[in-house]
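Here the structure comes first, spelled out in structure tokens, and everything after it is commentary.
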Amino acid sequence: MMFWEHELMILFLFLCTILCQGVFGVETEEVKAVRGETLTLHTGIKEYHQIIWFYGPNDGKIAQCRQVNSSKSPSCWITDTLRHGVQIDNQTGSLTFINTSSELGGRYKLQIFNKSLMLSNKEFNVTFYEPLPIPAVHQLENSSCSQCVLQCSVNVTQATLSWYNGNRLLSSINVSDVNNNICVHLEGDVNDYRCVVNNSISNQTKPLSRSELCQSCAEAGQKRGHTALIFSIMMVMVAGALIVWRSRKNLQTGKKEVAHSYKNGGTGGSADEEENL
Numbered sequence: 004m005m006f007w008e009h010e011l012m013i014l015f016l017f018l019c020t021i022l023c024q025g026v027f028g029v030e031t032e033e034v035k036a037v038r039g040e041t042l043t044l045h046t047g048i049k050e051y052h053q054i055i056w057f058y059g060p061n062d063g064k065i066a067q068c069r070q071v072n073s074s075k076s077p078s079c080w081i082t083d084t085l086r087h088g089v090q091i092d093n094q095t096g097s098l099t100f101i102n103t104s105s106e107l108g109g110r111y112k113l114q115i116f117n118k119s120l121m122l123s124n125k126e127f128n129v130t131f132y133e134p135l136p137i138p139a140v141h142q143l144e145n146s147s148c149s150q151c152v153l154q155c156s157v158n159v160t161q162a163t164l165s166w167y168n169g170n171r172l173l174s175s176i177n178v179s180d181v182n183n184n185i186c187v188h189l190e191g192d193v194n195d196y197r198c199v200v201n202n203s204i205s206n207q208t209k210p211l212s213r214s215e216l217c218q219s220c221a222e223a224g225q226k227r228g229h230t231a232l233i234f235s236i237m238m239v240m241v242a243g244a245l246i247v248w249r250s251r252k253n254l255q256t257g258k259k260e261v262a263h264s265y266k267n268g269g270t271g272g273s274a275d276e277e278e279n280l
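Numbering (our numbering), first residue to last: 4 to 280.
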């Protein structure tokens, strides 16, 4: 078979496949990955005659492998669109993304021709998620000892943010640009509170105990008791100092009065004696 006849045969099979897909459809594999991690789209085969990868809604060709000579390894190449950060396995035709980004998400279509030029198809619907950070937790300023309120927030979208007490779910929200925090009222003696952010493929947890951010009423009352005790002691010391100072002042005043009285009494006795004489 001449080269152009071979290409026409492949084109004919390709058109037939498109028509069949319109009638029977193609099974699509959902692939989820974290942005920045390595991802491989596996073909699931070891031998082939030709492989073609397409990407996007317009099915633009991005990679191809072809068995030119059975005694040699297949010849593979990648288009300039995905040349950087993408590798293709010569033996299996699998695509590997070294440094993934959200822009690489979407539909990937794979066409496989075997040695008999029989065609099979696969599709991959790839979704990339942002890496999840550890949630941030802080105490609301208006909360008090009797009603401690903690707020958990996270700077990410396409995720769920939840509060747990032990294994019990307290509350949960779907994170968005306008709603990225959730509050919880701490109550009871259980200290096993944690805030969890998760999506379809990963999760991050911020564990904490009640004493980390909110004082218990007993602790606060104890501190208030210590403060009152110290204040009372200081008041007693001040009162004692005033009493001592007052006593000393009265004592000094009394001594002066006695001395003055004694002096006046001695002078009067001498005058009487002179008068009697």
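From the three backbone atoms N, C-alpha and C, an ideal C-beta is built for every residue, glycine too.
None of the values given here were measured: they were computed from a predicted structure.
Next on the checklist: Which runs of the beta strand (DSSP E) at least 3 residues long sit entirely within the stretch 51-111? Give them in chain order.
Outcome noted: 53-58, 63-69, 78-81, 89-91, 98-100
Checklist entry - Taking all protein chains shown into account, do 16 or more other C-beta atoms lie within 10 angstroms of the C-beta of E30, making it buried, or fewer, making it exposed? => result Walking along the sequence shown from the start, residue 30 turns up at place 27. Result: exposed.
Next on the checklist: Is the beta carbon of I185 closer than 7 Å to that of I164?
Outcome noted: Here residue 164 refers to the residue found at position 161 of the sequence shown. Here residue 185 refers to the residue found at position 182 of the sequence shown. A small correction: the amino acid at residue 164 is Leu; Ile does not occupy that position in the sequence shown. Going by C-beta atoms, L164 is nearer than 7 Å to I185.
Checklist entry - In or out: I115 buried (at least 16 other Cβ within 10 Å) or exposed? => result One-based indexing of the sequence shown puts residue 115 at position 112. By the 10 Å Cβ count, I115 comes out buried.
Next on the checklist: Less than 7 Å between the beta carbons of Y58 and Y111, yes or no?
Outcome noted: The count along the sequence shown starts at 1 and reaches residue 58 at position 55. The count along the sequence shown starts at 1 and reaches residue 111 at position 108. Yes; because the gap between Cβ atoms is below 7 Å, this pair is in contact.
Next on the checklist: Per DSSP, what are the beta-bridge partners of V187 in this structure?
Outcome noted: Here residue 187 is taken as the residue at index 184 of the sequence shown, counted from 1. Looking at the DSSP assignment, V187 forms a beta bridge with L153.
Item to check | Inter-residue Cα distance where the pair is N182 and I176 | outcome: Residue 182 sits at position 179 when you count from the first residue of the sequence shown. Residue 176 sits at position 173 when you count from the first residue of the sequence shown. Rounded to whole angstroms, N182 to I176 spans 8 Å at the Cα level.
Next on the checklist: Taking its Cβ as the centre, do 16 or more other Cβ atoms sit within 10 Å of A244, making it buried, or is it exposed?
Outcome noted: Position 241 of the sequence shown, counting from 1, holds the residue named residue 244. A244 should be labelled exposed.
Next on the checklist: Please report the straight-line C-alpha distance between T82 and V89, rounded to a whole angstrom.
Outcome noted: The count along the sequence shown starts at 1 and reaches residue 82 at position 79. The count along the sequence shown starts at 1 and reaches residue 89 at position 86. Cα to Cα, the separation comes out at about 10 Å.
Next on the checklist: Which residue marks the beginning of the beta strand (DSSP E) containing T46, and which one marks its end?
Outcome noted: One-based indexing of the sequence shown puts residue 46 at position 43. First-last for T46: undefined, no H or E at that position.
Checklist entry - Hey, out of V200, V129, A139, G108, whose CA is closest to Q161's CA? => result Counted from its first residue, the sequence shown places residue 161 at position 158. Cα-wise, what sits closest to Q161 is V200.
Next on the checklist: Nearest by alpha-carbon distance to Y51: which of S78, T130, V239, W166 is it?
Outcome noted: Here residue 51 is taken as the residue at index 48 of the sequence shown, counted from 1. The shortest C-alpha separation from Y51 is found at S78.
Checklist entry - Relative to the C-alpha of D62, which residue among E33, T95, L120, G109 is closest? => result Residue numbering aside, residue 62 sits at position 59 when the sequence shown is read from its first letter. Of the listed residues, the one whose Cα sits closest to D62 is G109.
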